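Contents: one structure, followed by commentary.
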Amino acid sequence: MRLTLTPSGQLQCDGTDVRAKPCFPMSEPGRFFSLLDGDGKEVGLVEDPADLDPASGDALSTALADAAFVIEVTGIDSIETDIDLRIWKVRTASGVRTFETRLGSWPRKLEGGGVLIQDVAEDLYLIRDSDALDEDSQKLLWAFSG
């Protein structure tokens, strides 16, 4: 399987336009991507991007970053409750972001110390290693973990 990007940034699998969709975004955010054509038919499956040749891996990585499936959180500034929502103010590699989660939606602990949070728009926020967060961020995170 060969993945490439067109000059306009469209991901292709062996010459067919595709989009990469995570199969298990909550439990395996960095693995298992279904490659779907324009009709939603699966034309390929990437189990582990590390197994791809370097050029294909770069194409997939760029396409995933552009699609913003997972936003990496490096710190938590505040979590406030407002009626039926929690309002999170977090730090990411691209700056400060604010997002909302439902009160019944809790951060999900992942194997290896990671935490995944899904907001009301279904965007995913990943904390790769909760122990690596600063002390204030850790306190906020665990106060709102289910």
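Quick note: the numbering used here has the sequence shown finishing at residue 148, numbered continuously throughout.
Beta carbons are placed, not taken as given, at the ideal position from N, Cα and C, and that holds for glycine.
Just so it is clear, the structure is predicted and the values come from calculations on it, not from any experiment.
C-beta atoms of residue i and residue j nearer than 8 Å
i, j, result
"Asp5", "Leu62", "Residue identity differs from the one stated: residue 5 is Leu in this sequence, not Asp. Yes, Cβ-Cβ distance for Leu5 and Leu62 is below 8 Å."
"Ile89", "Thr100", "yes"
"Leu126", "Pro31", "yes"
"Leu87", "Leu105", "yes"
Limits of the unbroken alpha helix (DSSP H) element including residue i
i, result
"Lys23", "It is not in any alpha helix (DSSP H) - Lys23 instead sits in the beta strand (DSSP E) that spans 21 to 24."
"Glu30", "Run containing Glu30: none; DSSP gives neither H nor E here."
"Ser139", "137 to 145"
Extent of the continuous beta strand (DSSP E) run through residue i
i, result
"Asp158", "This structure does not reach residue 158, given that the chain is present from 3 up to 148, and the question cannot be answered."
"Ser36", "35 to 38"
"Leu128", "126 to 129"
In DSSP terms, what residue i is bridged to
i, result
"Thr100", "Lys91"
Three-state class that DSSP yields for residue i in the structure shown
i, result
"Gln14", "strand"
"Thr6", "strand"
"Leu47", "strand"
"Leu112", "coil"
"Leu118", "strand"
"Gly42", "coil"
"Gly106", "coil"
"Leu62", "helix"
Residue nearest to residue i in terms of C-alpha spacing, selected from the options
i, options, result
"Met3", "Ser10, Cys15, Pro9, Gly11", "Cys15"
"Gly116", "Leu143, Val98, Arg104", "Leu143"
"Asp136", "Arg93, Ile73, Arg110, Arg104", "Arg93"
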